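A quick write-up on the structure given underneath.
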Amino acid sequence: MSIEPEARVSTADAAAKKKRKLIKRASGVVSVFFVAVVAPVVVILVTRQGATTTSAPSCDDPASLHLVRSISAAADNYLTEPNNGEVHLPALAIDRDPSTAWVEDGQQKYGEGTTITFTFATEADLQMICVVNGYAKSAKTFTENARARVWSVHTRGPAVESTLKDKPESDFDAYQKLRITTGPTSTVAMTIEVVRPPTGTIRYSDTALSEVLFFAR
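Following the working numbering, the numbering of the sequence shown begins with 69 at its first residue and continues without gaps.
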């Protein structure tokens with residue numbers, strides 16, 4: 069059905085009035101809306117006038133951060149198992165396989181004070197470090213070996229202590245986020261400050277670190 073010219077004008081006027089009302093309402097606190105602002109690191113959601121929430125990158129969702137891939141690793145020491153000769157080199161902490169691990173040699177109090185150092189091929193704007201703490205080959209190895217409770221993490225500037233919550237046995241291979249100083253760096257040094265002793269039926273006197281992931285922007 070066609071609309072006469074006069075009717076078209078009336079309809080346009082009604083639409084304009086409705087639009088002005090909506091604009092007027094939106095200028096008050098009554099309105100509820102959200103705007104997603106995608107930044108390199110965080111996503112900001114505006115839920116209502118003057119109220120915002122931030123969603124930071126996590127080990128489960130690194131958002132726009134990228135993985136630093138070209139890395140080498142060295143440590144004060146590492147374990148060679150006396151029974152089978154298996155060697156737990158520092159490089160096993162960055163092989164993308166949580167079932168392998170760097171294990172310190174267990175010569176002194178679960179390796180407290182032992183440092184593992186990672187070197188990037190090129191400087192990276194480091195924003196997050198995620199670790200699989202302990203020996204995550206299985207739930208059994210997780211309970212048989214010690215894991216760090218407190219890491220001292222040196223990226224740039226003074227070192228920062230990062231305390232990790234203990235994981236339930238069922239989450240033995242879960243990633244945890246370390247507290248760090250963010251920014252450009254080409255090396256990361258992680259020192260075992262305090263350990264959680266093993267709790268299994270068999271208990272070894274060494275501390276393990278299964279995997280480390282580095283995220284930059």
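Heads up, the beta-carbon is just placed ideally off N, CA and C, and yes, glycines get one too. Here the structure is a predicted model, which is why all the values come from computation and not from measurement.
- When beta bridges are read from the DSSP output, residue 183 appears opposite 259.
- By the neighbour-count definition (other C-beta atoms within 10 Å, threshold 16), residue 252 is an exposed residue.
- Under the three-state reduction of DSSP output, residue 238 falls in the helix class.
- Contact annotation: residue 262 and residue 217 have beta-carbon atoms nearer than 8 angstroms.
- By the Cβ-count criterion, residue 274 is buried, with 16 or more other Cβ atoms from all chains shown falling within 10 Å of its own Cβ.
- Note on geometry: alpha-carbon atoms of residue 237 and residue 285 lie some 33 angstroms from one another.
- For the pair residue 239 and residue 207, the Cα-to-Cα distance works out to about 8 angstroms.
- Taking all protein chains in view, the Cβ of residue 150 is surrounded by fewer than 16 other Cβ atoms within 10 Å, so the residue is classified as exposed.
- Cβ contact annotation for residue 258 (same chain, cutoff 6 angstroms, sequence separation greater than five): 184, 219 and 221, in chain order.
- Residue 283 places its beta carbon less than 8 angstroms from that of residue 125.
- Note: residue 150 is not bridge-paired with any residue in the DSSP secondary-structure output.
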